[in-house]
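What follows is a single structure, written as structure tokens, with notes after it.
Residue numbers (the numbering used here), protein chains in the order written: chain A, 1366 to 1478; chain B, 3 to 116.
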């Protein structure tokens, strides 16, 4: 069965510093991969997605993620953190042709002024 | 209204009450989902409806009863819930194709069971 692992349930970075949120998937066939963000008292919003085209994917709000098949990873990065980036971030995966998403447990990002 | 809407946003109910959660999608999608989000746990997929037909029931207790009258509306009927059912219930929709499945989420209903 597909699984998604997010290392670090809490990550704190200083404003202006690099953001790195880690995601690894388990699958012999690379799935489609997604990063979602959840702000307080809101639903999940899609940040970016990997659909087997370019391995470096750019999303909204300055975030990007790189798909690395050899490492089965899809880490999320942003060069310079902003206070508004404080939220919970979820990595998710789905095999091709499947209607269900498997989510990681989420990483809460805190930005230190 | 745009996107996926959910009502009510907050609900407090006793264990003997009966209530319903409503979800409506304005995106023309053909698949809808119910998720449960509890603290410190991954999002749990509860039900999937594809073209109004239920295609997934993820071992959800019978005190949760979904209803999908058409491809734009999804309900979750609740009765005799337990305190551990307190959580954020999220609805999502997608345009189901044979490729990938981008899901769009509503803001959720925060449910508290007393």
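Even for Gly, the Cβ is constructed at its ideal location relative to N, Cα and C.
Using alpha carbons as the reference points, say which of the options lies closest to residue i.
i: residue 1415 of chain A; options: A:1454, A:1384, A:1442, A:1430; result: A:1430
i: residue 37 of chain B; options: B:91, B:107, B:111, B:99; result: B:91
i: residue 9 of chain B; options: B:105, B:78, B:49, B:88; result: B:78
i: residue 6 of chain B; options: A:1408, A:1475, A:1447; result: A:1408
i: residue 4 of chain B; options: B:49, B:112, B:28, B:57; result: B:28
i: residue 25 of chain B; options: B:19, B:63, B:68; result: B:68
i: residue 1370 of chain A; options: A:1403, A:1444, A:1399, A:1417; result: A:1399
i: residue 1391 of chain A; options: A:1437, A:1417, A:1442; result: A:1437
i: residue 70 of chain B; options: B:22, B:11, B:12, B:13; result: B:22
Using a Cβ-Cβ distance cut-off of 8 Å, determine whether residue i contacts chain B.
i: residue 1407 of chain A; result: yes
i: residue 1424 of chain A; result: no
i: residue 1414 of chain A; result: yes
i: residue 1459 of chain A; result: yes
Counting only beta-carbon atoms, is residue i nearer than 8 Å to chain A?
i: residue 103 of chain B; result: yes
i: residue 86 of chain B; result: no
i: residue 109 of chain B; result: yes
i: residue 58 of chain B; result: yes
For residue i, which residues in chain B fall below 8 Å Cβ to Cβ?
i: residue 1469 of chain A; result: 44
In chain A, which residues lie less than 8 Å from residue i when you measure between Cβ atoms?
i: residue 92 of chain B; result: 1408, 1409
Anyone know if the C-beta pair for residue i and residue j falls short of 8 Å?
i: residue 1457 of chain A; j: residue 1476 of chain A; result: no
i: residue 15 of chain B; j: residue 84 of chain B; result: no
i: residue 1471 of chain A; j: residue 1454 of chain A; result: yes
i: residue 58 of chain B; j: residue 49 of chain B; result: yes
i: residue 1386 of chain A; j: residue 1401 of chain A; result: no
i: residue 44 of chain B; j: residue 1432 of chain A; result: no
i: residue 1466 of chain A; j: residue 1376 of chain A; result: no
i: residue 113 of chain B; j: residue 13 of chain B; result: yes
i: residue 1442 of chain A; j: residue 1383 of chain A; result: yes
Using a C-beta to C-beta distance shorter than 9 Å, which residues of chain A count as neighbours of residue i?
i: residue 47 of chain B; result: 1465, 1466, 1467, 1468
Quick test of your reading: residue i and residue j, contact by CB under 8 Å. State the CB separation rounded to the nearest angstrom.
i: residue 35 of chain B; j: residue 105 of chain B; result: 7 Å
i: residue 33 of chain B; j: residue 88 of chain B; result: Wrong, their Cβ atoms sit about 27 Å apart, outside the cutoff.
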